Amino acid sequence: MSPQMHRPAAGSLCPACAEPLEEDDRFCGACGQELSALSPPPGGDRPTLAVSVPPEWRTGPGAEASVPAEPSSSPSSSGDFELPPPQTPQTPPPPVADPRIAPPAAPPAAVPQAVPQASVPQAVAKVCVACRSGHVDPDGYCENCGHAQPRERDHMERELGPVAAVSDRGLRHHRNEDAFAISTTALPDGSPAVVAVVCDGVSSATRPDEASLAAAGAANELLLTALPRGIHPEQAMREAIVAAATAVNSLAGQAPAGDLAEHGHGSHHQLNAPACTIVAAISAGGLLIVGWVGDSRVYWVPDDREGPAARLTEDDSWAAQMVAAGLMNEREAYADERAHAITGWLGADAYELEPHTAAFKPDRSGVVVVCTDGLWNYAEGPDEMARAIPADAAERPLHSAQVLVGHALDGGGHDNVTVAVLPFAVARPGAGSGYDRRV
Amino acid sequence: MANFSKSQVPAFSVDVYQNEYLPEGGREVNAIVTVTSTGGGTTGGAPLRGVTASPAGIPSSPGAAVVIMVDCSGSMDYPPTKMRNARDATAAAIDTLRDGVEFAVVAGTHKASDIYPGGERLAIADPHTRAQAKEALRRLTAGGGTAIGTWLGLADRLLASSAGDIRHGILLTDGRNEHESPEALRFALTAVAGRFTCDARGVGTDWEVKEVTGIAAALLGTADIVADPAHLAADFTAMMENAMGKEVADVALRLWTPVGVEIMFVKQVAPTVAELTGRRTEAGPRAGDYPTGSWGDESRDYHVCVRVPQANIGQEMLAARASLIIPAPDGGAPEVLSQGLIRAVWTDDMAASTSINPQVAHYTGQAELAQVIQQGLDARKMGDYDGATAKLGRAVQLAQVSGNEGTAKLLSKVVDVVDAATGTVRLKAKVAEADEMTLETRSVRTVRVKK
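Those protein sequences? They're chains A and B, same order as listed. For the working numbering, count along the first sequence from 1 and bump the result up by 115. For the working numbering, count along the second sequence from 1 and bump the result up by 2.
If you want it as structure tokens, here you go:
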């Protein structure tokens, strides 16, 4: 992890028990003596991790550091950069880690190290973030305590001009099965269009992580192709969801990308085709278009907080259906253990693909929060969401997304958490209702 | 040059079948490790390392040496066909020897003597030596006692003179090891274990099942009964063909476990059940090797059970790393042929953590099947007929559920099956000794999961 770390010279002996040492030994194989501690390296060049790193290892510096280097969306999002010149600069995202939101126990001290570490060649052995003594093997596990090391997807952040997104593994899941894609492009008239797509892999299906990544990437790519061609954003949204569904369906027949063991041979997870939810928002030409399948949501929070905040999507979930059918009130429905069973998803085994879209014309500026249930479980009502998001969300979308992820983690982080914050600016200050639903 | 040995070894693949999901507080991780070796016997012309001592002009043979040990105790003359069949079987085995393979024939009584080629040497198979060896078989006559430990000792000395990698013995006995103490046999087995592999066969019904299976287990070979001496020749031919198909010897299953992980057991579960837990040799920090003997074109399954430390929901760890290794010819770092990962992931998803991997469930059943047959037959011998009925009933049930038809058939010769699904059986009043011994010997045979 850190090239400057002290390494005992080959052929040296353990100072405690005189056991011969290997070149890479950090601890004596015989007596366990910590070798790096005995002869501290000059210049105090080992500040990489504070002692308080939690066993959850979520914010290993490696994870954060890799975010700027690697776009968080799917491989297909490379299409971003081949499109007609965008209106908004697609500069590399600024440094992302913000100590204030870096999940609770992550030491701020780790952050400054992040960027240099990203360029450290793999050959340099990393040290386990859990036991801090073993090296990390090529499979990503500690050679001492066996603990899995943070993966790139465990925590992802991205900021692109006016829109930002953060995704986190949460505290209870072993991997991040959410994915997001954000992008900016232009309509034919030159006015900017901003896109945010968030997908939540269905855990009870196989390879949910691949499903969400494929869906977010495919939807984003389609929007980036369709919007500059002048296709109506709502129509483009519908097509994007279909494209995402196609991408997820095509995963069903494929062999897993990872090794077989990764995906649990014979476990119940193999019975279901890869599946995920999708929710997306487009801000273009004074319109706010949302589209979704599943239970990921879009919230609208006006900047002035005077107009009402609102939820702009309706879940494809058991609870929502119960409420819609008038069989239960919202409180009863969401208290039921079946509440979160989704009734619509992208995947080869979906009954029927029903992309929902809606178009809004906000009368005032505000922010659009595009999120998975990992967040909204901790801020279900629009007012709760409005309270959770910082007041200056429009100016600092990345910070706001970080704060919202932190809100979910503080609440327990029971699921993966993904939030995209998309500021929506209206030139003239509005009056009247917070938004007009057009469709 | 450094990689000289690499391309000649058959390709090994390791697949791990497990449910890696554990509930909160869950600590036991079970996995079936399937090892498949392909290319053995079909590499055609790729000699294994260490064959330099083999005669030139025989490029297609791996360095192999085989010693056939034939019981020549007095009992082999009752009936006289037994000796004659043993002689014919040995001749058939010799005919199956590939050119260039080193071999010897040992006549075993209360002492061992190498009747061919003699002088504690090995002959090299070619048409001439094969004819000579078969000629020498005429000198096999019955008379004397049985001390298998001495046979194994001589076989070891003979095989030690071979430069070949594959060192194999074939042992035939028809009686109990009466002329040496059980300790002497045990001592001999300990001394030669790991030095060569050995298949053991009992002919007739006067031999002790546990002795023969014990020899095969210790020396990583197969054990079987040849109740009718007339079938010996076919069995010997098959055994020798199997030995000739071996391409790589001294393969070990290496298990690496992280700090705090405890190995509960390691056993081979297919094609037969064989306990390996106690046969670990330490191989560096937190790693241990379990012997698997020599491999040809084949596939074997191992059940590994480890106990991991407690961890929180959402954590994931490597519970064990299973690799197949062969020792380096020069005693350096062993070559890793293939490896697989056994993982543990803690989840609050009950559906995930409570499901049992079908392979693990299947082989857990197969191991239980072998165990209850053994217990049932032991109970029967002790006169505990209720216990025997219960155990063998359970065996019938397990054999049916898992589709182990071979074992089910053998069981049906020992018990009358009333209802296989519920395991309701009656002990047969009269059971042929051969049937009971066959069941006991073959109880360790398993079937694979129905795909």
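Every residue gets a Cβ at the ideal spot worked out from N, C-alpha and C, and that includes glycine. Keep in mind that this is a model prediction, so the values were computed, not measured.
Considering Cα atoms alone, identify which of V205(B), L320(B), R345(B) is closest to Y80(B). V205(B)
Please list the partners that L286(A) has in chain D, where partner means a Cβ-to-Cβ separation under 9 Å. Note that chain D does not occur in the displayed structure, where the protein chains are A and B.
Proximal residues of chain A, C-beta to C-beta of T349(B) below 7 Å: H289
Per-residue DSSP class, three states only, for L455(B): Here chain B has residues from 3 to 453 only, and residue 455(B) is not among them.
Where does the unbroken beta strand (DSSP E) through V69(B) begin, and where does it stop? Element bounds for V69(B): 66-73.
On the DSSP bridge list, what partners appear for P293(B)? In the DSSP assignment, the residues bridged to P293(B) are A254(B).
Report buried or exposed for T175(B), applying the criterion of at least 16 other Cβ atoms within 10 angstroms of its Cβ. buried
Where does M443(A) fall in DSSP's three states? Judged by DSSP in its simplified three-state form, M443(A) adopts coil rather than helix or strand.
Residue environment, S183(B), which counts as buried when at least 16 other CB atoms sit within 10 Å: exposed
Between E354(A), A434(A), L461(A), M352(A), which lies nearest to A448(A) when the distance is taken from Cα to Cα? A434(A)
Amino acids of chain B, ordered along the chain, whose beta-carbon sits closer than 7 Å to that of N259(A): P260, V261
Report the residue from P505(A), A463(A), A523(A), V482(A) whose alpha carbon sits nearest the alpha carbon of G489(A). With distances taken between Cα atoms, G489(A) lies closest to A523(A).
Burial state of V338(B), where buried means 16 or more other Cβ atoms lie within 10 Å: Label assigned to V338(B): exposed.
Based on Cα-Cα distance, which residue from L154(B), D208(B), T199(B) lies nearest to A186(B)? With distances taken between Cα atoms, A186(B) lies closest to L154(B).
Is it true that the segment 326-341 of chain B meets the segment 300-310 of chain B, where meeting means three or more beta-carbon pairs spaced less than 8 Å apart? Touching, no.
Considering only DSSP beta bridges, list what S298(A) is partnered with. V310(A)
Which residue spans inside the segment 418-497 of chain A form an unbroken alpha helix (DSSP H) run of at least 4? 433-439, 445-450, 488-491
Taking only the alpha-carbon atoms, compute the straight-line gap between C260(A) and R132(B) and give it to the nearest angstrom. 57 Å
Residue range of the alpha helix (DSSP H) that includes V234(B): Note that residue 234(B) corresponds to Leu in the displayed sequence, not to Val. From DSSP, the alpha helix (DSSP H) with L234(B) extends over 234-246.
Here's the rule I'm using: 16 or more other beta-carbon atoms within 10 Å means buried, otherwise exposed. How should R412(A) be labelled? buried
Thinking C-beta only, is V194(B) closer than 9 Å to A202(B)? no
CB-CB length for N291(A) against N531(A), believed under 8 Å: 5 Å
Quick one, which residues of the segment 319-331 of chain A are near chain B if we go by CB-CB under 8 Å, in chain order? The residues in question are S319.
For K393(B), count the other beta carbons within 10 Å of its own beta carbon; 16 or more makes it buried, fewer makes it exposed. Which is it? buried
For L379(B), count neighbouring C-beta atoms within 10 Å of its own C-beta (all shown protein chains included) and say buried if the count is 16 or more, exposed if not. Label assigned to L379(B): buried.
Is it buried or exposed for I356(A), if we count other Cβ within 10 angstroms and need 16 for buried? buried
Find the residues of chain B that neighbour Y256(A), judging by a C-beta separation of less than 9 Å, and give them in chain order. P260, E318, M319, L320, R323, L343, R345
So what does Q341(B) bridge to, in DSSP terms? S325(B)
Reference S355(B), options Q20(B), F14(B), A13(B), closest by Cα: Closest in C-alpha terms to S355(B), from the list Q20(B), F14(B), A13(B), comes Q20(B).
What is the rounded straight-line gap between the Cα of G298(B) and the Cα of E243(B)? 11 Å
Can the beta-carbon of F295(A) be found closer than 9 Å to that of A308(A)? no
Quick one: Cα of H347(A) to Cα of P538(A), how far? 20 Å
Which chain B residues sit within Cβ distance under 9 Å of H262(A)? P260, A313, Q317, E318, M319, L320
Quick check on DSSP: helix, strand or coil for T215(B)? Residue state, collapsed to three classes: helix.
Rounded separation between Q436(A) and R446(A) - CA only: 13 Å
Residue of I227(B), P287(B), R323(B) minimising C-alpha distance to L441(B): Nearest C-alpha to L441(B): I227(B).
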